[in-house]
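All remarks here apply to the structure that follows.
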Ligand code: SF4
Ligand code: SF4
């Protein structure tokens, strides 16, 4: 009956009500006084009793993951205690800027079993995102666009569909396949969406090593991949971690336009252009605006110069291919989008999350930077049209941009 009621693999245990079962008085099976409680054990997060070959199961997970478009699967345990001191120090120095959610969950970030009680293993999954249109020499091509002041440069990962949506859906499908295979499974999926030490888990589970730019990279795929995790209540064999291969290279540290990489594997997010153009609300510090150049959403510089990214791989799915010409747009064209057009053009894209005002703020900075090297009346005119924008932050950035024209150097 329990099975028909939808309980998977139920175990039914009759238990006599204590006051009766321990009484020697007047207690007979079938008597009206006898109360029986049915203990229904549902095999779930806290009560797994299925035996299975965990090594074979991980092999099977890898096969399913490949079919779902993931490039690599890793497994690790939940003991990240060695990473706690570094996390606390990073937060204490304020390197997380205004990303209060980084500090809000305290050490839960480093303690998966506290974040999701019952978690025994973490499955990490990577998915390549290098879009189709980037040619053999894509790194050189992308670097060259940074010198075209009138071009709007958007980080490679953000030109297609919102990766949160893509990864979350596919991680859920993977977890459901696992549950179908072994019975009910306690799990939770994450992709850049909760207090999870994503890079730390990825390194421990063999996805690669931590580059000096802080991103995870590996010898077969560089660093152009997304990461996601499935926390599970299964004891799975951990993958072997990879050794680091940065050697004496410091190309990412040297190229960083804002010197945000303050030491190998140490990022001051407050200076990082990705943080400033995506995460940061409000005014962008004026002293950092000139270094932002024409990057209007994110920054790839530290990855573009990384020698390992010559091995970066094309995404298996078409989802991350550029939409709406976002790989080749001009500042003027994107600055001209009304809010309605912005919402329409960024539907299903991660860019939509920053909203129209921050979009204009970022482009205004890039236009100001362009005006210092280009005598462009069309850029000036476009800025003047936004000079009375209802958003105070946009107005202030437009004023700053207009003032850059006076600094023009031919
Ligand atoms: S993303 Fe850009 S700003 Fe941030 S660390 Fe890398 S190079 Fe520096
Ligand atoms: S650019 Fe050099 S130092 Fe930086 S992550 Fe790549 S290999 Fe490591």
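Numbering (the numbering used here), first residue to last: 22 to 431.
Note that the Cβ used here is the ideal one computed from N, Cα and C, for glycine as well.
All values derive from a computational prediction rather than experimental measurement.
- Comparing alpha-carbon positions, the option among 242, 253, 173 lying closest to residue 197 turns out to be 253.
- For the pair of segments examined, the stretch 358 to 370 was found not to touch the stretch 311 to 324: the number of CB pairs separated by less than 8 Å stays below three.
- Judged by DSSP secondary structure, residue 312 falls outside any beta strand (DSSP E) and instead within the alpha helix (DSSP H) spanning 310 to 313.
- Residue 301 has its Cβ no nearer than 7 Å to any heavy atom of ligand 1.
- The C-alpha of residue 409 is placed about 34 Å away from the C-alpha of residue 280.
- With distances taken between CA atoms, residue 285 lies nearest to 231 out of 165, 180, 231.
- Residue 389 counts as buried, since no fewer than 16 other beta carbons sit within 10 angstroms of its beta carbon.
- Distance from the CA atom of residue 424 to the CA atom of residue 151, rounded to whole angstroms, is 37 Å.
- Here the alpha carbons of residue 283 and residue 385 stand approximately 27 Å from one another.
- Per DSSP, residue 316 lies in no alpha helix (DSSP H); the unbroken beta strand (DSSP E) holding it starts and ends at 316 to 318.
- Restricting attention to beta strand (DSSP E) runs no shorter than 3 residues, the stretch 200 to 267 encloses them at 208 to 211, 246 to 253, ordered along the chain.
- Look at residue 353 here: in three-state DSSP terms it is helix.
- Apart from the 5 residues on each side of it in sequence, residue 322 sits with its Cβ closer than 6 Å to the Cβ of 276 in its chain, given in chain order.
- For residue 167, the CB contacts under 7 Å within the same chain, skipping 5 residues up- and downstream, are 174, 314, 315 in chain order.
- Residue 128 and residue 214 have their alpha carbons spaced roughly 16 Å apart.
- Its chain contains 94 as the residues whose beta carbon lies nearer than 6 Å to that of residue 83, once the 5 sequence neighbours on both sides are disregarded; these appear in chain order.
- Residue 325 and residue 163 have their C-alpha atoms roughly 8 Å apart.
- Residue nearest to residue 306 within the set 407, 406, 139, 417 is 417 (criterion: CA-CA distance).
- Residue burial is scored here from C-beta neighbours: residue 177 has at least 16 other C-beta atoms within 10 angstroms and is therefore classed as buried.
- The criterion of a C-beta distance shorter than 8 Å is not satisfied by residue 222 and residue 140.
- A direct Cα-to-Cα measurement between residue 86 and residue 250 gives close to 12 Å.
- Residue 172 is bridged by DSSP to 351.
- Looking at 422, 341, 397, the one whose alpha-carbon comes closest to that of residue 407 is 422.
- With contact defined as three or more Cβ pairs closer than 8 Å, the stretch 106 to 124 and the stretch 287 to 305 are in contact.
- Collapsing the DSSP output to three states places residue 151 in a strand.
- The C-beta distance from residue 333 to residue 243 rounds to 4 Å, short enough to fall under 8 Å.
- Excluding residues up to 5 positions away in sequence, 230, 231, 237, 262 lie with their Cβ nearer than 7 Å to the Cβ of residue 224 in the same chain.
- Assignment of residue 187 by DSSP, reduced to helix, strand and coil, places it in the helix class.
- Relative to ligand 1, residue 288 has its C-beta within less than 7 Å of a heavy atom.
- Non-local beta-carbon contacts of residue 401 in its own chain, meaning distances under 8 Å to residues more than five positions away in sequence, involve 392, 423, 426 in chain order.
- If you draw a straight line from the Cα of residue 302 to the Cα of residue 132, it is about 29 Å long.
- The alpha carbon of residue 344 has as its nearest neighbour, out of 353, 278, 371, the alpha carbon of 371.
- Along the length of the stretch 260 to 304, whole beta strand (DSSP E) runs at least 3 residues long occupy 282 to 284, reported in chain order.
- A distance below 8 Å separates the beta carbons of residue 148 and residue 92.
- C-alpha of residue 171 to C-alpha of residue 374: approximately 24 Å in a straight line.
- Collapsing the DSSP output to three states places residue 83 in a helix.
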